[in-house]
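Read top to bottom, the protein sequences are chains A, B and C.
So for the first sequence, our numbering puts the first residue at 1; every next one is plus one.
So for the second sequence, our numbering puts the first residue at 1001; every next one is plus one.
So for the third sequence, our numbering puts the first residue at 2001; every next one is plus one.
Single-structure report; data block below.
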Amino acid sequence: MKNNVKVWDYIVLGFLAIFYLLPTVMAIIYALAEKWYFGTDLFPSQLGFGWIQKMISDSYVQTAFINSYILAPLTALVTILISILPAYYLATRRDKVAIITETIVNLTMAFPAIVVGTGILVLYTFLGLRGNMWALIPAHMFFAIPFSLRSITASFMQVPKDLEEVARVFGATRLQVIQKVYLPLTWRGMLSAFIFSMAISLNEFVMTQLLGAPSVKTLTIVVYELIRGYAISPPRAAAVSLFILLPSLIGGILSEKYLRVSISLAGGGR
Amino acid sequence: MVKIELVDIYKGYYGGKVVAAEIPYLEIRDREFFGLLGPSGSGKTTTLRIIAGLTMPDRGKVLIDGEDITYVPPEKRGLGMVFQSWALFPHLTVYENIAFGLRLKKVPDDEISRKVKWATELLRIEELLDRYPYQLSGGQQQRVAVARAIVVEPRALLFDEPLSNLDAKLREQVRFELSRLQKELGITSIYVTHDQAEALVMCDRIAVMNKGRIEQLGTPEEIYSSPATPFVAEFMGVTTLIPGKIIEVLNPSAGIVRVQIENSDITLVARTRVEKASVGNPVLLAVRPELVELASGGEQTNVVEAKILASSYLGDHMEYILGLGDYQTRLRTSTSIRLQPGEKVRITLDAKRLFAVPRQ
Amino acid sequence: MSEARRVSIWYLLPLYVYLAIYLVAPLITVIIGAFGISPLIQGSGPTLDGFKRFFSGGSRYLESLYFTFWNSAVATLIAVVAGYMFALYLTIRKPTWWGKFSFIPLIAIYTPYLIAAFMWWTLLWPRGYVALFVNGVLQALGVIKEPLYLVNDPYGIGIILGKVWYTFTLTFLLTYGPLQLINPEIVEAARMLGASTRTIIRRIYFPLSRYALFASASIVFLDNLTGVSVPLVLGAAWPQYLSVVILNDVTLFNNFLMAFTSGFVYLILSILAGYFFFRFTTKAIVYQVR
């Protein structure tokens, strides 16, 4: 009787594995498929790094690559910086203002990106910031801030209050307390917020499409153009996808293993 | 008639490296309040869970009145259980908690109401019916847990250290109540605890467990005054074990022997297991404070010299740490006698109660 | 604790400044733009034309709104039910492989939306493996004669699959935690009282995790409702998600009036959904504390 049930366990595992790994594998196959006659063949007839090499050496893609990987860490950095002081407030002072602030920040996730993006487009048109790469940073931050704030606030909440009081007794100002007590102790929460914010920025499509056009291209935009734009080419799209996908997945594995990111983001820290 | 038997039970982990429970045979009699006593990791909870059906043994059988229930799932065994954390359903009122088992049996509402009333009166929690678990104190929650288990009239009751989360005073009070309740209901009960005082007070028979095996099975008196192994002797009471050897058998049928303490001239008269009463057998003398008294001068046997090592005033009595050669034990006197550390005294050990535990 | 010096409320300033510029201001421009007031609209002046066109019978916009709503709802239902069942399965059966393979569902979380959509497109287009397999099986069973279109199709099957991929994991993550918090002895107590597994799910697990379930359903629905990448890549030429319609109005047709109007309607819809999310999460937290 026991063995019967165990078989079901493995069936579930199998289904799960196929459901999640198959799409990932597809991206890799497409990228490596130098020759694939879709009409007749089930599998590519020739595998190789041809497409990948082509895309790496393509200057258009290279620019997009650089843009993506400059925007991501900068977005993450600014997100964290902007979150520190508010997180300190939310962690130490649990009053009505704190609760209202948290609610508002959580509600930002409810607003459709396309709508907010359209609004920002209007503002940027006025300010002449369309097509400006640096102006994309605050737009990318929009979706990173709720997660980052929650993560950092949760980490700050775990710092024992006594430490702050001791530091204050020794004459530290509040800013010094944050700098010397909270930040060093919560580097894990900060790091996971950083990684997740980077992931969000790399993923970002709508904001970049609306605000970056026509000059700023990120990898995500390039992938989109290769799927639905003028020159549709799945293998090229797959190859470029790998440039985002692989670092994302590796970053994900590392942060799950060492930082248990998803648990803290699901609010498990509370 | 509810008799529970365990036959050739074995449960191990890590490929046999850890033996959680190994019991060749155990019988719990009808209407008995049976104790499984031991330190953590001794296998007592594992054994209870095997009886409950929450843990499956690697081999062996569990029988109730001769019926093999080893592979019967817990929900079909008809046993009641009270858990260490009481495990009340947080989203249900006290009434609904207690009624839970009855509702599962599709008992009609008016009968449920009657039975819940009966159980709550028995446990004296009638006024708590509308409350939720988080509104109750520990003692109240524990009563609700017991009410919930008995209201379905189970074949037997299993208790997994239900009092360990209560404070000491409450624990003492509840011990008596539970014991009285069990006698009133006449339900076969198995009680797991690490507290030897609890087991002594409540149980008809106790199995002392260590590292998955039963070291001794007997009445509280047998376990306390005639421990079968050094482990049992040390676990019960405050015991100092002094190694020695039997040098003379004074009364073979009663097991009275004379024991010479290792590396010493001192000999003491003690009682041992009748079958082990032979000259040359190595033993451990179980010296406990209640056996030690100041020698008044009239005694003949078991008078020994000892040194006071430390003294403490405990309000109603004095307690001294006594040095007996290389070993230590305790002496209690009334507060009118004040001895000083360093003083030499003559003490006597009650030969009738001094027990020599057989050593392998 | 010294109450004398409290954390200054100015500490929240950076956050509120950001929100003022990047949330409030944009939303205001959209809202007033819906009424025709915007420099980006030709012949601007207050008007209800946008709304008239949006809500006129048989308008593309209404059709799109309807499609967006029910397609998101179906995707939400599938993901939430499956995700919750998976969380229950893990809690009850505790399969041995979970320790080693728990990263598998997380792949979806760390895959960018657009790329995930593309990957599913490669599986669902007529020569994709999933399409071939499903159509092969259905045709062999005689259920269909012609192969089904699983992507870029008018029912949004591809969209649903693409969304479920990510939101299944999301639901599972949001409900697994609360399920784990339930004292296992409660489940054992229920068993000893005679409860079968089905009863335990119905009377113990579900009541104690239902607010987490509803909260995750709200968040998943919101995410499905407002996403752009997945409907863009996996959707058909028509019907389209409202988000895609807006994108096209802005980037292709320069029709800002309708873009603002649609945005306004979109906002109302998502605020409503967000309100429910908020209510359920607070209830979920209070329940756990008990």
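All C-beta atoms, glycine included, are put in the ideal place defined by N, C-alpha and C.
Check whether the segment 1006-1018 of chain B touches the segment 1041-1061 of chain B, counting contact only when three or more Cβ pairs, one atom from each stretch, lie closer than 8 Å.
The segment 1006-1018 of chain B is in contact with the segment 1041-1061 of chain B.
Whole angstroms are fine: how far does the CA of Ile-2104/C sit from the CA of Thr-118/A?
Start at 1 with the first residue of the first sequence, and residue 118/A comes out as number 118. Start at 1 with the first residue of the third sequence, and residue 2104/C comes out as number 104. Approximately 36 Å, taken between the alpha carbons.
Listing by chain order, which chain C residues have their CB less than 9 Å from the CB of Ala-1087/B?
Here residue 1087/B is taken as the residue at index 87 of the second sequence, counted from 1. Near Ala-1087/B (Cβ distances below 9 Å), the residues of chain C are Asn-2183, Pro-2184, Glu-2185, Ile-2186, Val-2187, Glu-2188, Ala-2189, Ala-2190.
Just confirm the distance between the C-beta atoms of Leu-1157/B and Ile-1187/B, as a whole number of angstroms; I'd bet it's less than 8 Å.
The count along the second sequence starts at 1 and reaches residue 1157/B at position 157. The count along the second sequence starts at 1 and reaches residue 1187/B at position 187. Contact flag correct, Cβ pair sits at about 5 Å.
To the nearest angstrom, report how far apart Lys-257/A and Gly-251/A are at their CA atoms.
Numbered from its first residue, the first sequence carries residue 257/A at position 257. Numbered from its first residue, the first sequence carries residue 251/A at position 251. So the two alpha carbons sit approximately 10 Å from each other.
For the alpha helix (DSSP H) containing Val-61/A, name the first residue and the last one.
Along the first sequence, one-based indexing puts residue 61/A at 61. Looking at the DSSP string, the run of the alpha helix (DSSP H) that includes Val-61/A is 59-92.
On the DSSP bridge list, what partners appear for Arg-1103/B?
Position 103 of the second sequence, counting from 1, holds the residue named residue 1103/B. Its beta-bridge partners do not exist; DSSP assigns none.
Take the Cβ of Ile-1050/B as the centre, count every other Cβ of all protein chains shown within 10 Å, and call the residue buried at 16 or more, exposed below.
For the purposes of this step, residue 1050/B is identified with residue 50 of the second sequence, where counting begins at 1. It is buried - the Cβ of Ile-1050/B has at least 16 other Cβ atoms within 10 Å.
Using only the alpha-carbon positions, how far apart do Leu-1349/B and Asn-1302/B sit?
Counting from 1 along the second sequence, the entry for residue 1349/B is found at position 349. Counting from 1 along the second sequence, the entry for residue 1302/B is found at position 302. C-alpha separation (whole angstroms): 6 Å.
Please confirm whether Pro-112/A and Tyr-2266/C have their CB atoms less than 7 Å apart.
Reading the first sequence from its first residue, position 112 is the one you call residue 112/A. Reading the third sequence from its first residue, position 266 is the one you call residue 2266/C. Cβ atoms of Pro-112/A and Tyr-2266/C: closer than 7 Å.
Could you tell me which whole beta strand (DSSP E) segments of length 3 or greater appear in the segment 1301-1342 of chain B?
Runs of the beta strand (DSSP E) inside the segment 1301-1342 of chain B: 1303-1313, 1318-1324, 1327-1333.
Comparing alpha-carbon positions, which option in Ser-2064/C, Arg-2127/C, Arg-2093/C lies nearest Tyr-2155/C?
Residue 2155/C sits at position 155 when you count from the first residue of the third sequence. Out of Ser-2064/C, Arg-2127/C, Arg-2093/C, Ser-2064/C has the C-alpha closest to the C-alpha of Tyr-2155/C.
For Ser-2072/C, decide whether its Cβ has a neighbour in chain A, counting only Cβ atoms nearer than 7 Å.
Taking the first residue of the third sequence as 1, we reach residue 2072/C at position 72. Answer no: the Cβ-Cβ gap between Ser-2072/C and chain A never drops below 7 Å.
Roughly how far, in whole angstroms, is the beta-carbon of Phe-2221/C from the beta-carbon of Leu-2040/C, given that I think they are within contact range, below 8 Å?
Position 221 of the third sequence, counted from the first residue, corresponds to residue 2221/C. Position 40 of the third sequence, counted from the first residue, corresponds to residue 2040/C. Contact doesn't hold; Cβ gap of about 31 Å is too wide.
Which residues does DSSP pair with Gln-1216/B in a beta bridge?
As a first step, residue 1216/B is located in the second sequence; it is residue number 216 there, counting from the start. Gln-1216/B is bridged to Val-1208/B.
Looking at the ligand NAD, does it come within less than 6 Å of Asn-1097/B, judged from the CB to the closest heavy atom?
Questions concerning the ligand NAD fall outside what the structure shown contains, since it holds no ligand whatsoever.
In chain order, what residues of the same chain have a beta carbon less than 8 Å from the beta carbon of Ala-1087/B, not counting five sequence neighbours either side?
As a first step, residue 1087/B must be located in the second sequence, where it is residue number 87. Hits under 8 Å: Ala-1145.
Bridge partners of Ile-1246/B, per DSSP?
Mapped onto the second sequence, residue 1246/B falls at position 246. The partner list for Ile-1246/B (beta bridge, DSSP) reads Val-1259/B.
Bridge partners for Gln-1084/B per DSSP, in chain order?
For the purposes of this step, residue 1084/B is taken as residue 84 along the second sequence, with counting starting at 1. Note: Gln-1084/B sits in no beta bridge, so no partner.
Could you check whether Val-1107/B and Ala-1149/B sit closer than 7 Å to each other, using their CB atoms as the reference points?
Here residue 1149/B corresponds to residue number 149 of the second sequence, with the count starting at 1. Here residue 1107/B corresponds to residue number 107 of the second sequence, with the count starting at 1. No, the Cβ-Cβ distance between Ala-1149/B and Val-1107/B is not below 7 Å.
Nearest CA to the CA of Val-159/A: which residue from Lys-180/A, Gln-209/A, Val-222/A?
Numbered from 1 along the first sequence, position 159 holds the residue referred to as residue 159/A. Looking at the Cα atoms, Lys-180/A is the closest of the given residues.
Name the DSSP beta bridge partners of Pro-1293/B, please?
Position 293 of the second sequence holds residue 1293/B. Per the sequence shown, residue 1293/B should be read as Glu rather than Pro. In the DSSP output, where bridge partners are listed per residue, Glu-1293/B has Thr-1348/B.
Quick one: Cα of Leu-265/A to Cα of Arg-150/A, how far?
Translated into the one-based positions of the first sequence, residue 265/A becomes position 265. Translated into the one-based positions of the first sequence, residue 150/A becomes position 150. With a pLDDT of 48 at Leu-265/A, under the threshold of 50, the predicted position of this residue should be treated as unreliable, though the coordinate-derived value follows. Cα-Cα distance, rounded: 7 Å.
Where does Glu-1121/B fall in DSSP's three states?
Counting from one through the second sequence, the residue named residue 1121/B turns up at place 121. Of the three classes helix, strand and coil, the one that applies to Glu-1121/B here is helix, per DSSP.
Check for me: the alpha helix (DSSP H) holding Ser-2072/C runs from which residue to which?
As a first step, residue 2072/C must be located in the third sequence, where it is residue number 72. Run containing Ser-2072/C: 2060-2093, per the alpha helix (DSSP H) assignment.
Along the segment 1060-1081 of chain B, where does the CB come closer than 9 Å to a CB of chain C? Name the residues.
Answer set for the segment 1060-1081 of chain B: Pro-1073, Pro-1074, Glu-1075, Lys-1076, Arg-1077, Gly-1078, Leu-1079, Gly-1080, Met-1081.
Please report the Cβ distance between Pro-1074/B and Leu-1054/B, rounded to the nearest whole angstrom; I am assuming they are in contact, meaning their Cβ atoms lie under 8 Å.
Residue mapping note: residue 1074/B aligns to position 74 of the second sequence, counting from 1. Residue mapping note: residue 1054/B aligns to position 54 of the second sequence, counting from 1. Yes, they are in contact, since the Cβ atoms of Pro-1074/B and Leu-1054/B sit about 6 Å apart, within 8 Å.
Here's a check: name, in chain order, each residue in its chain whose Cβ is nearer than 7 Å to the Cβ of Tyr-1013/B, leaving out the five neighbours to either side.
Along the second sequence, one-based indexing puts residue 1013/B at 13. Closer than 7 Å at Cβ, skipping near neighbours: Ala-1020.
Could you name the residues that DSSP lists as bridge partners for Phe-1034/B?
Working through the second sequence from its first residue, we reach residue 1034/B at position 34. DSSP lists Ile-1190/B, Arg-1205/B as partners of Phe-1034/B.
Mapping DSSP to helix, strand and coil, what is Asn-1251/B?
As a position in the second sequence, residue 1251/B is number 251, starting the count at 1. In the structure shown, Asn-1251/B sits in a strand (DSSP, three-state: E or B).
In chain C, which residues lie with their C-beta within 9 Å of the C-beta of Ser-233/A?
Reading the first sequence from its first residue, position 233 is the one you call residue 233/A. Under the 9 Å cutoff, chain C gives no residues; its nearest Cβ is about 12 Å from Ser-233/A.
At a CB-CB cut-off below 8 Å, which residues of chain A make contact with Ala-2082/C?
For the purposes of this step, residue 2082/C is taken as residue 82 along the third sequence, with counting starting at 1. None at all; the shortest Cβ gap to chain A is about 10 Å.
Against chain C, with Cβ distances strictly below 7 Å, would Met-133/A count as a contact?
Counting from 1 along the first sequence, the entry for residue 133/A is found at position 133. By this cut-off, Met-133/A is not an interface position.
Using 7 Å as the threshold, is the C-beta distance between Met-2258/C and Gly-2045/C below it?
Position 258 of the third sequence holds residue 2258/C. Position 45 of the third sequence holds residue 2045/C. The answer is no: Cβ separation not under 7 Å.
Can you give me the C-alpha to C-alpha distance between Ala-2073/C and Arg-1171/B, rounded to a whole angstrom?
Stepping through the third sequence from its first residue, residue 2073/C is reached at position 73. Stepping through the second sequence from its first residue, residue 1171/B is reached at position 171. Cα to Cα, Ala-2073/C sits roughly 55 Å from Arg-1171/B.
Can the beta-carbon of Thr-2091/C be found closer than 7 Å to that of Leu-2173/C?
As a working mapping, residue 2091/C is identified with position 91 in the third sequence. As a working mapping, residue 2173/C is identified with position 173 in the third sequence. No, the Cβ-Cβ distance between Thr-2091/C and Leu-2173/C is not below 7 Å.
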